[in-house]
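In the working numbering, the protein residues as written are 19 to 289. Think of the CB as a built atom: it goes at the ideal place given N, C-alpha and C, for glycine as much as any other residue. Each remark here refers to the structure printed beneath this line.
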């Protein structure tokens, strides 16, 4: 599971886990610090910053082949590419640094950081245990650019599939389109299915022509029924199904080449 629906927003689970753990660390640090008359809030802020930077660096190292020629992409965190274990290592190292430098805050700092780490590990373990429900590609009637009907569950059946929900008015959708278009060539054994939300095929054809995009499996969900079926309100949303048609991963928000590769690793036949 990589995202959670909160009201009209779809947020990556990693962000929520980190913010909850940080919030718990601040709460515990404040309570313990009040008793010992020592504040650790600023130091926890430093630890949080190092955690985020370390998690991003870890992800870049892991998928460096996709960032080799895209230095700006390394700092563009809109793709949600973070490595939690590198982040955890950054937390521990920065906490040890402050623990060594400031004897007066050692107790509240140690308790606060421990509470945050335990909270993160607890939430992460819970998410792993819940995992994904045994959800198959939905039975849903879509139309193609010519207005002909197609069943989403049938398109690309028998092989791994990537289903991308998008709209022409969605900026992140438009930015990630070249990445997905190129992936059609790079991963010929995977079917990429583009499902436009609540727009007409005529508008879609106009947009694709303007952008110079060639999307092989371009379909239109005229009544925007798919988001309700998959319980996702945010765009773009990308779903990764294995060869059996079972959901293995989701990504809420804009994809980069690296985060796309991360999702594809869950469904490629040789994995």
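Considering only the beta carbon of each residue, do residue i and residue j sit closer than 8 Å?
i	j	result
residue 155	residue 170	yes
residue 172	residue 210	no
residue 274	residue 91	yes
residue 266	residue 234	no
residue 83	residue 193	no
residue 133	residue 62	no
residue 248	residue 257	yes
residue 241	residue 216	yes
So the alpha helix (DSSP H) residue i belongs to, where does it begin and stop?
i	result
residue 52	31–54
residue 93	89–93
residue 193	189–204
residue 117	102–119
residue 74	59–80
residue 167	Segment 167–169 is the beta strand (DSSP E) holding residue 167; no alpha helix (DSSP H) there.
residue 275	275–282
List the endpoints of the continuous beta strand (DSSP E) containing residue i.
i	result
residue 211	209–215
residue 258	255–259
residue 159	159–161
Mind checking who residue i pairs with in its DSSP beta bridge?
i	result
residue 237	213
residue 179	209, 259
residue 267	258
residue 154	264
residue 184	214
Answer with buried or exposed for residue i, where buried requires no fewer than 16 other C-beta atoms within 10 angstroms of its C-beta.
i	result
residue 93	exposed
residue 113	buried
residue 74	buried
residue 103	exposed
residue 118	exposed
residue 67	exposed
Consider the Cβ of residue i: report whether some Cβ of chain B lies at a distance smaller than 8 Å.
i	result
residue 43	Annotation note: the requested chain B is absent from the structure, which comprises a single protein chain.
For residue i, is the beta carbon positioned less than 7 Å from some heavy atom of the ligand NAP?
i	result
residue 260	With respect to the ligand NAP, the structure shown offers nothing to examine, as it has no ligands at all.
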